[in-house]
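>
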Amino acid sequence: MLGGLNARTVALSLLVAGLVTGGNLWLHRGDTPMGYTEYNSHGLSFRYPSDWSSYEGGFTDPEAGATEAQGVFQAVHFSETRIETIMVAWAAVNASIEGPDGGAPYVDEVIQDIDKSPNTTIVSVGPHVVVDKDGVEVTYAVFTLVQRGLPLTAVMGVMAQPWPRLGTYRAYVLSYAADSASASEAQVEERFLEFLDGFRSPT
Amino acid sequence: MVLMAWDHVSGFWNEVHGGLEGILKTRPLNLDMVHFMARFVTHYCAPTFVFLTGTSLALSSARRLRGGATQMDVTRHTLVRGLILVVLEPLVVSPAFGLPWLTVGVISCIGLCLILFSFARRLPPWAILAGSLIIVLNHQWLDLGFIPDTVAWGHYLRVIIHEPGYNWPPYYGFYTVIPWVGVMGLGYCFGVYLNGLDAEKIAALKAPLALTGLASTALFFVVRYFNGYGNLVPRQGNDIRDWLFLSKYPPSAAFLLWTLGGMCLFMAVGLHIEGRGRPREGLPGVLNTFGRTPLFFYLIHLWLYRLRLPGVMVPPFWLTVPETLGLWLTGLAVLYYLCRRYEALKRAHPSSPLQYI
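Chains as they are written, first to last, in our numbering: chain P, 1 to 203; chain Y, 204 to 560.
Pasting the structure below:
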């Protein structure tokens, strides 16, 4: 006997609490985790921390809004001690981006475009890495740059998936970057892969 | 309690302090390691207070009933004690922190929980245990969307029940009834359990408490590792601050696993010290003195460490961490003297209103 409790009633209490908690876990299994916001538009979905600032617009024309055909979404965390950003850009293309002649040149092209931006210098570009994302090849590279005097470490990845609604492909450029002082190259790559893991596209 | 005093002296005299905990499910900008850890070690205080209030309620209720009091007497006493705490918050506590008088802080939250428990204590202990576990483990899914947030009463009700907030003066609140009432319920059940034990069996709880503390801490790391259920503020990396940056307002399951686990370990250490036969000597004796006059300590220490008039929030200068440590220790010496005097006064007048403080 445990005072007003006994082993049987303690076990019963634990069972009831366990069943309720288990039921809730099952009911809420698809929920966006606490502290995250889910972007869910234009057939895309991914999550980012709720306290980040976000921007959505046209891919080539900053004045234009995002559409199914092309668009860009960026979320940024900016504080005294840490800067982080994720970016997803999408555009219609005629073919898949796969194999040695597909993803790698596309990644290089995007990084070269960044190098042409004002006050930006690419310092180093790591080797291309190819990973599988739901049966589609994603090619990415870790690179470092200095933007407005701030050293950053970033990952740029590309992939393309069939886009059944228009009978063509849609290319995605996915990026994660952080200031080099707060995250190592390995950490940046790990966070990019986490972000990629939660990324969902129309197929 | 001495850790809590450190927390508050740091809050009053260190430029970087406030907000170094998960509040409203967000993470603050500045996470300087020294100040972060100085704040983090104080997280044990509130869960331990609330838990032990429940334990104390179970023990004192049983004692009163054994002494001839009726159930109605015990209910009335608990209700009055809860109401006094609710009133003390705006009168003494909120002004010390420079907060609006309607702020729901730890004292008024404990008061509200005591009011609920003045009636809920009549439920079967197994129902209290099950209900408390359900509250603590499931409150992250509580949706108060049915209460309007655009009208003052609705907003304040949400703040009191489960949604801490400080963006609509004066309806501020940090300690919400849910899930803290669940923590008090767990403490109450622990008290019910202790009621059935003699001194020898209580001493033998050292090992089970240590094991419970270690298991709870291990479970904390599992919850943080998976970074899903139980984390109201997600872990954003693998730095020590990422692992230990937890949601306190409201307390996540991870926060409660860490703090209540630590409390169990502290209790095991306390039983070990008591087993050595000199719990009233040296440092344990000083801590025991504080522990016998907890509310008095709480109310006095706030104004002692503020060292400034009501309404003046910013001190004339900021202290460094070592200077703050000096002020903290000096204050503890003064508090020890005051608590001993108060304890003697309370003992000399057992039927006076002093019994409520």
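We put the beta carbon where it would ideally sit given N, CA and C, even for glycine.
Note that the coordinates shown come from a computational prediction; the quantities given were computed from them, not determined experimentally.
Between P:S182 and P:I86, which are expected to be in contact by the criterion C-beta below 8 angstroms, what is the C-beta distance as a whole number of angstroms?
Between P:S182 and P:I86, the beta carbon gap of about 15 angstroms keeps them out of contact (Cβ cut-off 8 angstroms).
> Please name the residues in the region 174-202 of chain P whose beta-carbon is closer than 7 angstroms to at least one beta-carbon of chain Y, in chain order.
Q187
> Can you pull out the residues from the region 143-156 of chain P whose beta carbon lies closer than 7 angstroms to at least one beta carbon of chain Y?
none
> If we count the other Cβ atoms within 10 Å of its Cβ and call it buried at 16 or more, is P:V107 buried or exposed?
buried
> Contact criterion: CB-CB distance below 7 angstroms. Does P:V16 meet it with respect to chain Y?
Yes, because at least one Cβ of chain Y sits closer than 7 angstroms to the Cβ of P:V16.
> For the pair the region 387-407 of chain Y and the region 244-264 of chain Y, tell me if three or more CB-CB distances fall below 8 angstroms.
Under the Cβ criterion (8 angstroms, minimum of three pairs), the region 387-407 of chain Y counts as touching the region 244-264 of chain Y.
> Hey, how far is the Cα of Y:V289 from the Cα of Y:F320?
14 angstroms
> Could you tell me whether the region 280-296 of chain Y touches the region 310-318 of chain Y, where touching means 3 or more Cβ pairs closer than 8 angstroms?
In short, these stretches touch, since the Cβ pair count reaches three.
> Skipping 5 residues on each side, what residues in its chain have a beta carbon closer than 6 angstroms to that of Y:G145?
Nothing about residue 145 of chain Y can be read from this structure; chain Y reaches only from 204 to 560.
> Using 7 angstroms as the threshold, is the C-beta distance between P:T139 and P:V158 below it?
yes
> What's the gap between the Cα of Y:N341 and the Cα of P:N24?
7 angstroms
> Could you tell me whether the Cβ atoms of P:N119 and P:R82 are closer together than 7 angstroms?
Taking 7 angstroms as the Cβ cut-off, P:N119 and P:R82 do not qualify as a contacting pair.
> Which runs of the alpha helix (DSSP H), 4 residues or longer, sit entirely within the region 254-339 of chain Y?
274-291, 297-300, 309-323
> Report the neighbours of P:Y36 on chain Y: residues whose CB is nearer than 7 angstroms to its CB, in chain order.
P437
> Along the region 400-434 of chain Y, where does the CB come closer than 7 angstroms to a CB of chain P? Name the residues.
Under the 7 angstroms Cβ criterion, the region 400-434 of chain Y contributes G431, Y432, N434.
> Quick one: residues in its chain with C-beta nearer than 8 angstroms to the C-beta of Y:F493, no 5 flanking neighbours on either side, listed in chain order?
M204, V205, F500, L538, Y539, C542
> From the DSSP output, which residues share a beta bridge with P:V155?
P:V142, P:Y176
> Within 7 angstroms of any Cβ in chain P, is that where the Cβ of Y:I337 sits?
yes
> Within 7 angstroms (strictly less), CB to CB, does P:T9 reach chain Y?
yes
> Nearest chain Y C-beta to P:H28 closer than 7 angstroms, yes or no?
yes
> Does the region 33-43 of chain P touch the region 427-437 of chain Y, meaning 3 or more C-beta pairs lie closer than 8 angstroms?
yes
> Are the region 454-469 of chain Y and the region 326-343 of chain Y in contact at 8 angstroms, needing three or more beta carbon pairs?
At 8 angstroms Cβ cutoff, the stretches touch.
> Strictly under 7 angstroms for the Cβ-Cβ distance: is Y:W216 near chain P by that measure?
no
> Give the interface partners of Y:N341 over in chain P, defined as CB-CB distance under 7 angstroms, in chain order.
V20, T21, N24
> Among the candidates Y:L408, Y:F215, Y:D235, Y:L326, whose CA atom is the shortest distance from the CA of P:L5?
The shortest C-alpha separation from P:L5 is found at Y:L326.
> Where does P:E237 sit, in a helix, a strand or coil, going by DSSP?
A question about residue 237 of chain P goes unanswered here, because the residues of chain P that appear run from 1 up to 203.
> Can you check whether the CB of P:Y39 is closer than 7 angstroms to the CB of P:V93?
no
> Across which residues does DSSP place P:K133 in a beta bridge pair?
P:V136
> With a threshold of 8 angstroms, are at least 3 pairs of Cβ atoms found where one atom belongs to the region 44-56 of chain P and the other to the region 11-18 of chain P?
no
> Cutting at 7 angstroms between CB atoms, please list the residues of its own chain near P:V136, excluding the five before and the five after it.
M159, Q161
> Quick check for students: name the residue ranges of the alpha helix (DSSP H) that lie wholly in the region 66-130 of chain P, counting only runs of 4 or more.
103-115
> From the DSSP output, in three-state form, read off P:R165 for me.
coil
> Alpha carbon to alpha carbon, how far is P:G57 from P:D64? Give it in angstroms, no decimals.
First, the amino acid is wrong: residue 64 of chain P is Ala here, not Asp. For P:A64 and P:G57, the distance between alpha carbons rounds to 6 angstroms.
> Measuring only between beta-carbons, confirm whether P:S13 sits less than 7 angstroms from chain Y.
yes
> Assuming P:Q70 and P:W90 form a contact by the criterion Cβ under 8 angstroms, report the distance between their Cβ atoms to the nearest whole angstrom.
Yes, they are in contact, since the Cβ atoms of P:Q70 and P:W90 sit about 6 angstroms apart, within 8 angstroms.
> With which residues is Y:E366 paired in a DSSP beta bridge?
Y:E366 is not bridged to any residue.
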